[in-house]
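All remarks here apply to the structure that follows.
2 protein chains.
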Amino acid sequence: MCSRCNYREILERAGLEATPGRMHVLEVVGSHPAPLSAAEIHRTVNRSRALDRVTVYRILDRLVEKKILQALSLGGRGRLFGLAPNEHHPAHPHFRCARCGGVQCLPPGGVRVDLAGVRRVFAGEIRRVEVQVEGLCANCLQRG
Amino acid sequence: MCSRCNYREILERAGLEATPGRMHVLEVVGSHPAPLSAAEIHRTVNRSRALDRVTVYRILDRLVEKKILQALSLGGRGRLFGLAPNEHHPAHPHFRCARCGGVQCLPPGGVRVDLAGVRRVFAGEIRRVEVQVEGLCANCLQRG
DNA sequence: CCCGTAATGCAACTATGTTGCGTTATGAGA
DNA sequence: TCTCATAACGCAACATAGTTGCATTACGGG
Ligand SMILES: [Mn+2]
Ligand SMILES: [Mn+2]
Ligand SMILES: [Zn+2]
Ligand SMILES: [Zn+2]
């Protein structure tokens, strides 16, 4: 669990009851160094407490809706969930290994994106920019 | 169909037979202004010619493997397929509307990404960087 | 024309996510 | 403390996206 995050407070400030299920999901996601799939979250939570698969999905949807979590589509079959950027956790790009599929968080501030050229010609409203990096992780690089 | 692309030649240079199915899939993807889902590609191809869903998936996998197409994970439920960047088609970011889910290709060169900060600390090999922009499209912006 | 190989079709299956609906837990107010 | 409306939850069924196994067909080099 992230020591700087009070999950109960986060939930209540978002107007959500701090139910055991939500607390548990949030702790699992917040304590993991990389974003997790719904299946991984479900498995992990259920090692200490029974919580239905559908309930996990509904909790995740709710937390994403309240911008407590963010969902990432990184090329695997489904979405991955991680803490959304906030005062303690700056936005950062994500890396996916083309060989083993492993996902890593890259350091924040390591990437600078200049969207000026897009804003000049794009008529819509830009809200969020995600940078995804693909390649070979250190492990797979060694093994050829 | 992109007038600058000779799809038969592209396939043969990649060591792939230029079968009718592959030609057709490639023409459908290449002639569309935005990336398409496998289902949309299947539907479109089948308006003029019977081609099994599984075959479409296998063709897409093969074309992505040969870097003729690229697959994008833009937050919808599945992947979208478009022409991979090549001499005629520079890489460009993609936009997804948070309200209607519509996807648009943004102009190339409109975005500059500086990865120096990542390269300094990341031990793996970086092969590709994808920039995804989310927001409201011009249409949805008008309608509130 | 013959044959090995690659491509295709089809059915079944897996993984991921969603919906409907009945049950249970919670908390605000009487 | 009791009541009740609401929100959370569980479970079965369903939906969508993608994969696998295996038989059949098409193709191209001898
Ligand atoms: Mn992250
Ligand atoms: Mn594009
Ligand atoms: Zn790897
Ligand atoms: Zn829109």
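Protein sequence lines, in the order shown, are assigned to chains A and B. The numbering of the first sequence is our numbering, which starts it at 15 and goes up by one. The numbering of the second sequence is our numbering, which starts it at 15 and goes up by one. For glycine and all other residues, C-beta sits at the position ideal for the given N, C-alpha and C.
Following a CB-centred definition, is residue i positioned closer than 7 angstroms to any heavy atom of ligand 5?
{"i": "residue 90/A", "result": "As far as ligands go, the structure on display features ligand 1, ligand 2, ligand 3 and ligand 4 and does not contain ligand 5."}
Buried or exposed: where does residue i fall if 16 or more other Cβ atoms within 10 Å of its Cβ makes it buried?
{"i": "residue 64/B", "result": "exposed"}
{"i": "residue 71/B", "result": "exposed"}
{"i": "residue 156/B", "result": "exposed"}
{"i": "residue 104/B", "result": "exposed"}
{"i": "residue 102/A", "result": "exposed"}
{"i": "residue 107/B", "result": "buried"}
{"i": "residue 49/B", "result": "buried"}
{"i": "residue 135/B", "result": "exposed"}
{"i": "residue 124/A", "result": "buried"}
{"i": "residue 9/A", "result": "In this structure chain A extends from 15 to 158, so residue 9/A is not present and cannot be described."}
Output needed for residue i: all residues of its chain with C-beta closer than 7 angstroms, excluding positions within five of it in sequence on either side, in chain order.
{"i": "residue 35/B", "result": "65, 69, 73"}
{"i": "residue 129/A", "result": "140, 143"}
{"i": "residue 30/B", "result": "36, 76, 80"}
{"i": "residue 87/B", "result": "93"}
{"i": "residue 53/A", "result": "none"}
{"i": "residue 28/B", "result": "80, 82"}
{"i": "residue 26/A", "result": "32"}
{"i": "residue 158/B", "result": "none"}
Tell me the residue span of the alpha helix (DSSP H) that contains residue i.
{"i": "residue 75/B", "result": "67-79"}
{"i": "residue 44/B", "result": "34-45"}
{"i": "residue 85/A", "result": "Looking at the DSSP string, residue 85/A is not in any alpha helix (DSSP H); the run it does join, the beta strand (DSSP E), is 83-86."}
{"i": "residue 133/A", "result": "130-135"}
{"i": "residue 59/A", "result": "52-62"}
{"i": "residue 25/A", "result": "21-27"}
Can you list, in chain order, the residues of its chain with a C-beta nearer than 8 angstroms to that of residue i? Leave out the 5 residues immediately preceding and following it.
{"i": "residue 44/A", "result": "15, 16, 19, 21, 97"}
{"i": "residue 24/A", "result": "40, 82"}
{"i": "residue 113/B", "result": "150, 151, 154"}
{"i": "residue 5/B", "result": "The requested residue 5/B is not part of the displayed model; chain B covers only 15 to 158."}
{"i": "residue 132/B", "result": "140"}
{"i": "residue 38/B", "result": "59, 62, 63, 65"}
{"i": "residue 211/B", "result": "A question about residue 211/B goes unanswered here, because the residues of chain B that appear run from 15 up to 158."}
{"i": "residue 42/B", "result": "50, 55, 58, 59"}
{"i": "residue 127/B", "result": "143, 145"}
The beta strand (DSSP E) that contains residue i, what's its start and end?
{"i": "residue 139/B", "result": "139-150"}
{"i": "residue 111/B", "result": "108-111"}
{"i": "residue 117/A", "result": "117-119"}
{"i": "residue 94/B", "result": "94-97"}
Who are the near neighbours of residue i in its chain, counting only those whose CB is closer than 6 angstroms to its CB and skipping five residues on each side?
{"i": "residue 78/B", "result": "85"}
{"i": "residue 92/A", "result": "51"}
{"i": "residue 99/A", "result": "105"}
{"i": "residue 145/A", "result": "107, 125"}
{"i": "residue 89/A", "result": "110"}
- Query: Going along the chain, which residues of the stretch 116-135 of chain B sit with their C-beta nearer than 7 angstroms to a C-beta in chain A?
  - Reply: 120, 121, 123, 124, 125, 126, 127, 128, 129, 131, 132, 135
- Residues of the stretch 83-111 of chain B with Cβ closer than 9 angstroms to any Cβ of chain A, in chain order: 85, 86, 87, 88, 89, 90, 91, 92, 93, 107, 109, 111
- Contact between the stretch 111-126 of chain A and the stretch 109-123 of chain B (3+ Cβ pairs under 8 angstroms): no
- Message: Using a Cβ distance threshold of 8 angstroms, determine whether the stretch 52-62 of chain A contacts the stretch 20-34 of chain A, with at least three qualifying pairs required.
- Response: no
- Message: Taking beta-carbon pairs under 7 angstroms, can you tell me which members of the stretch 17-33 of chain A lie near chain B?
- Response: none
- Message: If the cut-off is 7 angstroms on Cβ atoms, which residues from the stretch 143-155 of chain A count as contacting chain B, listed in chain order?
- Response: Along the stretch 143-155 of chain A, the positions whose C-beta sits under 7 angstroms from a C-beta of chain B are 143, 144, 145, 146, 147, 148, 149, 150, 151, 152, 155, read in chain order.
- Query: If contact means a Cβ-Cβ distance below 7 angstroms, which residues of the stretch 35-68 of chain B contact chain A?
  - Reply: none
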